[in-house]
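The structure appears right after this line, and notes come after that.
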Amino acid sequence: MKKLLLIALIIFSTDVIAQQMAYNVVYVRAEENSEWQIGNLIETYYTENKMKSGGVVLEKLRHGRPEGMTHRIVWLWELGNRGMVDGELADYEQSNFRSQLRGYVEEWGMSYSGRMINWVEGDMEETPFVHIWDITPADPAAFQKAHKEFIESVPQVFGGRFNGFGTYDINQPNGATHWVLVSGKDLDDHLQLLHDLETKYPAAMQKFGKDRGETTIVHDFTFENLKYIVAQ
C-alpha cells in the first residue's frame, strides 16, 4: 500500500480525484495501548466484508488535537457507490462490530462529513504524518485552482507527498468550510517543508497567496496514518 491516501486513499488520477470521493470522520479517545487492537479489528472486519469503494483509515492525532481525543476513524467512498459488495450486513453483524469497537474506546467525540476536491497521491509509508489546516476561503473555486497550480509548480518540494483540498459539508468544525493538507515523514520534515518554501520558492508562495484569495485559517493539527484498509 505504498501509494494511498488519508487521510489518506484510493488510486485516483495523478492530480485530481477521478471519481468524486466523500468521507465521514469520527473522533475517539481510545483506551490506553489499544490503537493496534482497533486497527486490527477494523482491518479484519473490512477484509471479511468488502466495501464497494473507498476504504477505512485509522489515524493517530498529534499536535492540535481536540482535548481528550486520541484518534480518528475515517470512512471513504465514491459518491453514489457507498456500501458493501455483498449487500448490507445483518443487524447483528453490524452490532457485533460496534460492540467490539466500543470495548476499545473510552469516549466518542465529534464527527463530520464532506468531499475531497483536489487530490495528489503520495507514498503513505514514506510520509505517514499529515499536517491539515481547517480553513474558510472567500472564493473556494479560486482556492481550488490556486492550490492545484501551486502543487504543480514546485514538484521538487511536493514530490512523494500526498496533498489534498476538500470540503466540510456536514457539522463544519469551528465553522470551517474547507480543509487543505500535506503529508511528510515526521515533524522535522514538515518544518523543513515550510522553511524550503519560504526561503527557496518565495515567488511560488506569494503567487499562491495572491491567487487563492482571502482565506481564514480556523485551526490546524497533525495526525499519523496508522492503518488503511482499501476496498477490494
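All residue numbers for the sequence shown refer to our numbering, where the first residue is 1 and numbers rise by one.
Idealized CB from N, CA, C, for every residue including glycine.
Strand pairing of residue i, partner residues [DSSP]
i, result
"alanine 22", "Trp77 and Arg115"
"aspartate 220", "Trp133"
"methionine 110", "BP columns for methionine 110 are empty, so no partner."
"isoleucine 170", "Ser113"
"tyrosine 228", "Val57"
"histidine 178", "Ile135 and Thr167"
"tyrosine 27", "Arg72"
Check whether residue i and residue j have beta carbons under 8 Å apart
i, j, result
"proline 66", "glycine 122", "no"
"glutamate 78", "serine 53", "yes"
"tyrosine 27", "serine 99", "no"
Burial state of residue i, where buried means 16 or more other Cβ atoms lie within 10 Å
i, result
"isoleucine 135", "buried"
"proline 155", "exposed"
"proline 202", "exposed"
"isoleucine 42", "buried"
"asparagine 171", "exposed"
"glutamine 144", "buried"
"alanine 176", "buried"
"tryptophan 119", "buried"
"histidine 178", "buried"
"threonine 190", "The sequence given here has histidine at residue 190, not threonine. Buried: at least 16 other Cβ atoms inside 10 Å."
Residues near residue i by beta carbon distance below 7 Å, same chain, minus five either side
i, result
"glutamate 224", "Glu59, Lys60, Arg62, Pro128 and Phe129"
"serine 264", "As displayed, the chain neither begins before 1 nor continues past 232, which places residue 264 out of reach and without an answer."
Neighbourhood of residue i by C-beta distance below 6 Å, restricted to the same chain and skipping five residues each side
i, result
"asparagine 24", "Trp75 and Ser113"
"glutamate 106", "Arg29 and Glu31"
"leucine 181", "Val130, Ile132 and Gly164"
Own chain residues within Cβ distance below 8 Å of residue i, not counting five before or after
i, result
"threonine 215", "Ile135, Thr136, Pro137, Ala138 and Phe143"
Three or more C-beta pairs below 8 Å linking the segment 92-105 and the segment 124-137: no
Meets three-Cβ-pair contact criterion under 8 Å: the segment 184-196 and the segment 139-151: no
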